[in-house]
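The structure appears below as structure tokens.
Numbering (this note's numbering), first residue to last: 970 to 1554.
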């Protein structure tokens, strides 16, 4: 299925209650986890039959009697500070009619009972083909959380489409976007001969410095750790001299451009290559005075034309199999969410024709009983104009024909297909608001930040690259362990060097020594010991430096890991994810 990844460090409560034609599974995990398999949101599904349907219906009636759900008017706040809305309750007075002894006591202390039940649960989960929570934490196809989320309190789940429900082959999609961008740049008079798309040149989460023609990687505080001018990586000294006294501040949009999504890859590659051409003097004077900022505008204009003129999307619509990587499990996972009682929304900036074509290709063939992709969603919004969709109201139109003809509409209704409108209209139509809605998208600003800041929706960020990063981190554990060991050794040696140096300094000034050992050493012994320790530290530096430089090259040789900015510090991208996304599948 399309990977849904997120970096989370705190508890996540996932509602895995799912009713299907063959089985019903209810499981709640409210323990600190670092990842949770998205497959836990769905159970096995087989073709339906009348006998199975009748049996499932009977069980459903029993379950309705035995279990109740906490309503929005009865909810409380639990010990994790989360709403108990949607939590299951046991109706003891309903147990006797179905042959269950509600008075039966747990046999033994709860700690022992829980241990045995957990062991049995792991075996049953294995029978379902679902990894246990402990093994799910070590899965690259996991959901990682940055804050507690009780999915039972979520009434509606909204999805973006591009790079969320629809994952594209980056080399194919962004490669074609790059090609069209180059054509437009050539028509504008720019020299583009000999240039080719290089997806390894950039990664998501980097920042373009439009004033200096650089691409930089910053840590969570905004300090620049690596930088590239044009397509040439800068030395550590050059980075220090250029950015040593300033921080990356994304609020200064006139200078800094954050690469929020995989859609940014083609633009960044084209821009950095054109910076080379500008530095070489290959861009003629007929284009007028041009600096790095003006060059960025020109590249952006060329790429914008590629999207607006429709040639790119027309090509993709004609041969979607060349650009889309469908996941057979994803449509069924959404169906299970819908059947578990969640209202599903599709909110995309793509137009109706493109949305319908791509969703048909990626979803319809994997759905049962001649269902179509539209049957999954309680409401579909195309041409949503995010992020403004979350901030203000635009005219709402209902799409009324398969050809995409529209008519003005003043109120959204459940089951409708609309163009434009606003998030406020959705909340009013479904009578759900704020943190009752979870929105899932791939763009930190357009999808996640704005829906959280303006509406207090819960959010999940799709970052498929984390799957590859996870594997790279696992494969580099040995190298990183050796690096940490060397750094720790240098720290110990350095501590001793500093203590001996302090002893010598105090002795030279007639102050008392801080230790008996230092008192028993004469000046020559102190100097010789310090000399040896200094040589050891210098040799360690020679070993550590290239290892630090190569750390993360299993993910990207230029930029290292997506989530890291150095051995221990987080990247600016991860700061944004932790700040705005509750989940990152």
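All residues carry an ideal CB built from backbone N, CA and C; glycine is no exception.
Cβ separation of residue i and residue j, assumed to be a contact under 8 Å, to the nearest whole Å
i	j	result
residue 1421	residue 1549	5 Å
residue 1235	residue 1147	4 Å
residue 1187	residue 1217	4 Å
residue 1326	residue 1534	Not a contact, Cβ separation roughly 40 Å.
residue 1049	residue 1117	5 Å
residue 1125	residue 1311	7 Å
residue 1307	residue 1301	Not really, about 11 Å apart at Cβ, beyond 8 Å.
residue 1184	residue 1237	7 Å
residue 1317	residue 1353	6 Å
Delimiting residues of the beta strand (DSSP E) encompassing residue i
i	result
residue 940	With the chain covering only 970 through 1554, there is no way to say anything about residue 940.
residue 1428	1427 to 1430
residue 1069	Run containing residue 1069: none; DSSP gives neither H nor E here.
residue 1060	Looking at the DSSP string, residue 1060 is not in any beta strand (DSSP E), and its letter there is neither H nor E.
residue 1366	1365 to 1368
residue 1181	Neither: residue 1181 is in no beta strand (DSSP E) and is coded neither H nor E.
residue 1136	From DSSP, residue 1136 is part of no beta strand (DSSP E); its letter is neither H nor E.
residue 1195	1193 to 1198
residue 1316	1312 to 1316
N-terminal and C-terminal residue of the alpha helix (DSSP H) that residue i is part of
i	result
residue 1324	1321 to 1332
residue 1354	Residue 1354 -> no alpha helix (DSSP H), and no H or E assigned at all.
residue 1155	1139 to 1156
residue 1525	Premise fails: residue 1525 is in no alpha helix (DSSP H) and is neither H nor E.
residue 1178	Careful: residue 1178 lies outside any alpha helix (DSSP H), inside the beta strand (DSSP E) at 1176 to 1178.
residue 1517	1492 to 1519
residue 1037	Segment 1036 to 1038 is the beta strand (DSSP E) holding residue 1037; no alpha helix (DSSP H) there.
residue 1541	1541 to 1549
residue 1374	First-last for residue 1374: undefined, no H or E at that position.
residue 1307	1298 to 1308
residue 1207	1205 to 1212
Neighbourhood of residue i by C-beta, 6 Å cutoff - its chain only, sequence neighbours within 5 removed
i	result
residue 1349	1315, 1386
residue 1525	1172
residue 1278	none
residue 1256	1158
residue 1418	1549
residue 1412	1229, 1230
residue 1321	1351, 1368, 1373
residue 1013	Unreliable positioning characterises residue 1013 in this predicted model, as indicated by a pLDDT of 33, which lies under 50. The coordinate reading is nonetheless provided below. Hits under 6 Å: none found.
residue 1128	1134, 1315, 1409
Close beta carbons around residue i, own chain, < 8 Å, minus the five adjacent residues each side
i	result
residue 1357	1363
residue 1154	1161, 1239, 1243, 1267, 1268, 1271
residue 1503	1466
residue 1189	1534, 1538, 1539, 1540, 1541, 1543, 1544
residue 1536	1449, 1452, 1453, 1456, 1517, 1520
Contacting residues, own chain, Cβ-Cβ under 7 Å from residue i (five flanking each side not counted)
i	result
residue 1523	1441, 1444, 1445
residue 1219	1225, 1227
residue 1319	1130, 1131, 1351
residue 1174	1228, 1531, 1540, 1541, 1542
residue 1402	1396
residue 1275	1146, 1149, 1150, 1153, 1281
residue 1366	1375, 1376, 1377, 1378, 1387, 1388, 1389
residue 1041	1054
residue 1346	1313, 1314, 1315
Beta carbon proximity, residue i to chain B, threshold 8 Å
i	result
residue 1211	As a matter of chain content, chain B is missing from the structure shown, which is built from one protein chain.
Residue i: CB within 7 Å of a non-hydrogen atom of the ligand SAM
i	result
residue 1369	This structure does not include the ligand SAM; it has no bound ligands of any sort.
Could you tell me which whole beta strand (DSSP E) segments of length 3 or greater appear in the region 1078 to 1124? 1111 to 1114
Answer yes if the region 1532 to 1550 comes into contact with the region 1199 to 1213, meaning at least three C-beta pairs across the two stretches below 8 Å, and no otherwise. no
Contained alpha helix (DSSP H) runs [length at least 4] in the region 1224 to 1287, N- to C-terminal order: 1233 to 1248, 1261 to 1277, 1280 to 1287
Count the C-beta pairs between the region 1335 to 1345 and the region 1395 to 1412 that are closer than 8 Å, then say yes if the count reaches three, no if not. no
Where in the region 1383 to 1460 do unbroken runs of the beta strand (DSSP E), each at least 3 residues long, occur, reported from the N-terminal end onward? 1386 to 1389, 1406 to 1410, 1427 to 1430
Examine the Cβ distances between the region 1166 to 1180 and the region 1273 to 1291 and report whether three or more of them are shorter than 8 Å. no
Within 8 Å, do at least three Cβ pairs link the region 1125 to 1140 to the region 1325 to 1332? yes
Give a yes or no on contact between the region 1432 to 1441 and the region 1455 to 1462, applying the rule of three or more CB pairs nearer than 8 Å. no
I want to know whether the region 1116 to 1134 touches the region 1045 to 1062 - three or more CB-CB distances under 8 Å. yes
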